[in-house]
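Visitor:
Chains as they are written, first to last, in the numbering used here: chain A, 9 to 572; chain F, 25 to 478.
1) For residue 332 of chain A, count the other beta carbons within 10 Å of its own beta carbon; 16 or more makes it buried, fewer makes it exposed. Which is it?
2) Is it true that the CB of residue 443 of chain A sits closer than 9 Å to the CB of residue 349 of chain A?
3) Can you tell me the Cα-Cα spacing of residue 556 of chain A and residue 566 of chain A, whole angstroms?
4) So residue 67 of chain A contacts chain F; which residues on that side make the cut at Cβ distance below 9 Å?
5) Whose CA, out of A:505, A:572, A:438, A:539, lies closest to the CA of residue 521 of chain A?
6) Below 9 Å between beta carbons: does that hold for residue 193 of chain A and residue 173 of chain F?
7) When you compare the CB of residue 193 of chain F with every CB in chain A, is at least one pair closer than 9 Å?
8) Where does residue 361 of chain A fall in DSSP's three states?
9) Taking 9 Å as the CB-CB cut-off, is residue 418 of chain F touching chain A?
10) Does the Cβ-Cβ distance between residue 544 of chain F and residue 53 of chain F come in under 9 Å?
11) Using a Cβ-Cβ cut-off of 9 Å, state whether residue 128 of chain A counts as contacting chain F.
12) Give the interface partners of residue 264 of chain A over in chain F, defined as CB-CB distance under 7 Å, in chain order.
13) Taking only the alpha-carbon atoms, compute the straight-line gap between residue 10 of chain F and residue 403 of chain F and give it to the nearest angstrom.
14) Could you please tell me which residues of the segment 206–219 of chain F, in chain order, have their CB closer than 9 Å to any CB of chain A?
15) What's the call for residue 347 of chain A, buried or exposed, on a 16-neighbour Cβ count within 10 Å?
16) So which residues on chain F does residue 232 of chain A lean against when the C-beta distance must stay under 8 Å?
17) Under three-state DSSP, which class holds residue 563 of chain A?
18) So what does residue 369 of chain F bridge to, in DSSP terms?
19) Between the beta-carbon of residue 232 of chain F and the beta-carbon of residue 198 of chain F, is there less than 9 Å?
20) Is the CB of residue 484 of chain F under 9 Å away from at least one CB in chain A?
21) Straight-line CA distance for residue 9 of chain F to residue 115 of chain F?
22) In this structure, how does DSSP classify residue 83 of chain A when only helix, strand and coil are distinguished?
23) With respect to 8 Å, is the separation between the Cβ of residue 346 of chain F and the closest non-hydrogen atom of the ligand GDP below this value?
24) Quick one: grab the DSSP three-state call for residue 127 of chain F.
25) Helix, strand or coil for residue 338 of chain A per DSSP?
26) For residue 267 of chain A, go through chain F and note every residue whose CB falls closer than 8 Å to its CB, in chain order.
27) For chain F, is any of its Cβ atoms less than 9 Å away from the one on residue 26 of chain A?
28) Between the Cα of residue 217 of chain F and the Cα atoms of A:287, A:96, A:548, which residue gives the shortest distance?
29) On the three-state DSSP scale, how would you describe residue 341 of chain F?
30) Take residue 187 of chain F as the anchor and find which of F:329, F:266, F:207 has the nearest alpha-carbon.
31) Give a yes or no on contact between the segment 326–338 of chain F and the segment 256–270 of chain F, applying the rule of three or more CB pairs nearer than 8 Å.
32) If we count the other Cβ atoms within 10 Å of its Cβ and call it buried at 16 or more, is residue 18 of chain A buried or exposed?
33) Quick one: which residues of the segment 75–97 of chain A get their C-beta closer than 9 Å to a C-beta of chain F? List them in chain order.
34) Could you run through the segment 165–176 of chain F and flag, in chain order, every residue whose CB is less than 8 Å away from some CB of chain A?
35) For the alpha helix (DSSP H) that contains residue 398 of chain F, what are its first and last residues?
36) In the DSSP assignment, find the unbroken beta strand (DSSP E) run with residue 218 of chain A in it and report its ends.
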């Protein structure tokens, strides 16, 4: 197959494939993005679920603490006893309506827990923070009536929040309650307070170690993976199922230290979480994080990519199949043409023998007729000449066909003999003379190639024959044919000139292509259209060329042949 | 027929009587004794009161209360190899001591926590042991989370009639989650309020003994320092034996000091001094265990010949045999005399030994805190002073072998620190762990002391 057709077929396959690949890549990358987005949303949903658990945990604690701090009258030993038996409680405190600390009373004897508590929280009672939180909360309760919204106000170090899932029936004042966050002992401490109807505030500081432990107890643990095989390679929905791969969830405090983590995926240090959300009130400053393996994220997009790849492969296969079918058709067409050529070739070959015989016997007949009386021989002689010239024409035709076929097979080699070109030229021209004479074409010979040179007489004959035959066929109207020859440095230059209609310059290249004719009309002079092509091929095989030159007097046509 | 009925009635009566006697032996005994029954008159002085409780004897293992155990095992990377194998073997071996009424859960932790066996009755021991055998070591040490989950498993079957205990094994430094001794201690203290104790088993020299001791001490559990992994099986068994011999729980001791006398400090257990009231809770009393606390009081100058009430003590506890809340009470008083000989004669040697042991334990803790701060000079000085104090008291009461032991231990400690240049020295580590374990033993009176036995 020709390289050109290979390239063509490749183009037919590759071009649409590349276009399709480009388009679907863009599509796939956007699909990957949406998938990852969905995945992120899914993980955030999980975090929110977990956060909901944390919120419920604190709501329970809040409820418990609300009951615990529902104290209007107290004596110190009763409070101390309460502290002793309540696991969650670090310390209780009571502030009078006027803002005075009633318990633990710094002016009375304190036990060690009370003393430590006061040392840690002195600023909380002397400063404005707790008071502000209480006042702010109460204002909000008054403004909003029964519907207090969770506070979103937050300061750097302390934050207040309030949530009132439970509300004792009664006035606005005893509705006020909330969480207060205070930092001591290298950590965040939670304080729950409520204002009683008497106006006094009863608060409870929770034991940090304990509520963290309780929080941890509420959160999931790392289940032992039953079987880690079958990871990946699932459908998209399976890949999006967070249980089908390893994750790591982490609860971090405001200093970004890990408080608790679960999930089998081992996160190396410094890795950013895949997604994170702030923890529910009152732990605003803490965060819930989710870590997902890098491969999983790629996997999420991979399904889209694999689908795309499959599509591309299918299209490529279809195109290849089409190209193959096309190629097969083309090849069979070529084969058919080759068969036809070969058939014509064979037929031509077969025709050569009988034709030679016909010409031989015609020549014999000519000699026979020559011996007869001119009266008797004149008429048959005229007819015989027609037979002979037509025979020659047929021989040339067959010769052309055979040469063409050999050219195609590239089995044409000049067989050089040392000959004088002019003698050959004369013989050839003489062979055409009767036909040209009958068309009243004058023959001018200006021969100047008298030095013998190695030359293939068949080549020369065929080249010159084809050129003369062209004059005969197409340029008879000019009534002139001039053949010139010259020799220089082993190069034989021939030229065949006519005074016919000529060839337009735009067609000068075209006429040398096989089967090309200046006019396709049927009425146009007979010919196969391969003569010039063959002539040029032969001349090139013989180390020369044929070119068309502008005639001197601007009429007709001049072919210039070189051979060496 | 009538005679027979009489005989039957007589037998029944006898039975009742015997039962009464039996019941009396199923009571915790309370003993309140001052160091000296007679004090010097006319001067303000410091004296000590020993409040001792003694567990009754658990007749047989059939009588023992059911237990609710959470075994929390460290399976971090440092436990790889021999350690984890021994731990698995030890735990499985100890589990064979449990019966079908007992509840057990197994929690493992590394960087995260795995509730390997959720709280379950010990009816299917195979499943539990199989799960324990599957443990492999890797990762970091999320000790706090492990204890949290362990306590949560206990809480599922939290019951006053059970002995609720978390047994924590660790060989390392907690490095995931809360990890300060204070935080772990605080968690332990809240667990005590719920009647859950944590026993901490520290393996090797790498663990944070302060953290492990605080956790155990504040929750009323045991702390054991295990130098070699091969000891693990014994330690587990010992711990289980302890848990299985609890006769009283939630032992709340309330001591009322009459006005005028000032309670200064309480040794031997965490206590609150609320004015004239001292309250403290012992997590449990083991079978035949002698357990005591010491109250240091400041007595005002008092006239010759007068008597002074020193303390009124009441003890409330859950009797694990009867599952009832029992109450004991006692009090003590001192006389005042001008005769030095009389004062000297009134010295109660056994009580003195108990007091000296606890005071010296406090002193050695101070020495260790100097070591932790890197002040080796003051550490050595404190140890020396403690040694002198012990020697003085050994001389005062030579018949108590325990004080001699402590004196000897103090000398060993002093030798251990010889040539130690920094507090990160391995020898300092050995000393520190030894001291903490010793102090812990003294404070908790875990070992049956020869001198304390009747």
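Here a beta-carbon is modelled for each residue, glycine too, at the ideal position from N, C-alpha and C.
Guide: Taking the definition as stated:
1) Counting from 1 along the first chain, the entry for residue 332 of chain A is found at position 324. The residue in question, residue 332 of chain A, is exposed, as its Cβ has fewer than 16 Cβ neighbours within 10 Å.
2) For the purposes of this step, residue 349 of chain A is taken as the residue at position 341 of the first chain. For the purposes of this step, residue 443 of chain A is taken as the residue at position 435 of the first chain. Taking 9 Å as the Cβ cut-off, residue 349 of chain A and residue 443 of chain A do not qualify as a contacting pair.
3) On the first chain, residue 556 of chain A is found 548 positions in, with the first residue counted as 1. On the first chain, residue 566 of chain A is found 558 positions in, with the first residue counted as 1. When rounded, the distance between both Cα atoms is 6 Å.
4) Working through the first chain from its first residue, we reach residue 67 of chain A at position 59. Within chain F, no residue comes near residue 67 of chain A; the closest Cβ sits about 18 Å away, beyond 9 Å.
5) For the purposes of this step, residue 521 of chain A is identified with residue 513 of the first chain, where counting begins at 1. Among A:505, A:572, A:438, A:539, the Cα nearest to that of residue 521 of chain A is on A:539.
6) To locate residue 193 of chain A, count along the first chain from 1; it is residue 185. To locate residue 173 of chain F, count along the second chain from 1; it is residue 149. Cβ atoms of residue 193 of chain A and residue 173 of chain F: not closer than 9 Å.
7) Taking the first residue of the second chain as 1, we reach residue 193 of chain F at position 169. Not closer than 9 Å to any Cβ of chain A, the Cβ of residue 193 of chain F fails to qualify, so no.
8) Taking the first chain and counting its residues from 1, one reaches residue 361 of chain A at position 353. Here residue 361 of chain A sits in helix by DSSP.
9) Locating residue 418 of chain F in the second chain gives position 394, counting from the first residue. No, no contact with chain A.
10) A query on residue 544 of chain F cannot be resolved here, the shown segment of chain F reaching from 25 to 478 and no further.
11) By one-based count along the first chain, residue 128 of chain A stands at place 120. So no, residue 128 of chain A is outside the interface.
12) Sequence index remark: in the first chain, residue 264 of chain A carries index 256 (1-based). None at all; the shortest Cβ gap to chain F is about 13 Å.
13) Since the first and last residues shown for chain F are 25 and 478, residue 10 of chain F lies out of range.
14) 206, 207, 208, 209, 210, 211, 212, 213, 214, 215, 216, 217, 218
15) As a position in the first chain, residue 347 of chain A is number 339, starting the count at 1. Classification of residue 347 of chain A: exposed, given that the 10 Å Cβ count is below 16.
16) On the first chain, position 224 is the one that residue 232 of chain A refers to. Within 8 Å Cβ-Cβ: 138, 140, 158.
17) Reading the first chain from its first residue, position 555 is the one you call residue 563 of chain A. In this structure, residue 563 of chain A counts as coil in the three-state DSSP scheme.
18) As a first step, residue 369 of chain F is located in the second chain; it is residue number 345 there, counting from the start. Note: residue 369 of chain F sits in no beta bridge, so no partner.
19) For this step, residue 232 of chain F is matched to residue 208 along the second chain. For this step, residue 198 of chain F is matched to residue 174 along the second chain. Yes. Within cutoff.
20) The requested residue 484 of chain F is not part of the displayed model; chain F covers only 25 to 478.
21) As displayed, chain F neither begins before 25 nor continues past 478, which places residue 9 of chain F out of reach and without an answer.
22) Here residue 83 of chain A refers to the residue found at position 75 when the first chain is read from its first residue. Coil at residue 83 of chain A, not helix or strand.
23) Inclusion of the ligand GDP in the displayed structure is not the case, the ligand content being empty and no account of it being possible.
24) Here residue 127 of chain F refers to the residue found at position 103 of the second chain. DSSP places residue 127 of chain F in strand when its eight states are reduced to three.
25) Working through the first chain from its first residue, we reach residue 338 of chain A at position 330. In this structure, residue 338 of chain A counts as helix in the three-state DSSP scheme.
26) Position 259 of the first chain, counting from 1, holds the residue named residue 267 of chain A. Within chain F, the residues near residue 267 of chain A are 201, 202.
27) Numbered from its first residue, the first chain carries residue 26 of chain A at position 18. Not one chain F Cβ lies under 9 Å of residue 26 of chain A.
28) In the second chain, counting from the first residue as 1, residue 217 of chain F sits at position 193. Here the closest residue by C-alpha is A:96.
29) On the second chain, position 317 is the one that residue 341 of chain F refers to. Correct three-state label for residue 341 of chain F: strand.
30) Start at 1 with the first residue of the second chain, and residue 187 of chain F comes out as number 163. The residue with the shortest Cα to Cα distance from residue 187 of chain F is F:266.
31) no
32) Locating residue 18 of chain A in the first chain gives position 10, counting from the first residue. So residue 18 of chain A ends up on the exposed side.
33) 84, 85, 88, 89, 91, 92, 93, 94, 95, 96, 97
34) 166, 168, 169, 171, 172, 173, 175, 176
35) In the second chain, counting from the first residue as 1, residue 398 of chain F sits at position 374. Per DSSP, residue 398 of chain F belongs to no alpha helix (DSSP H) and is neither H nor E.
36) For the purposes of this step, residue 218 of chain A is identified with residue 210 of the first chain, where counting begins at 1. Per DSSP, residue 218 of chain A belongs to no beta strand (DSSP E); it is in the alpha helix (DSSP H), 216–226.
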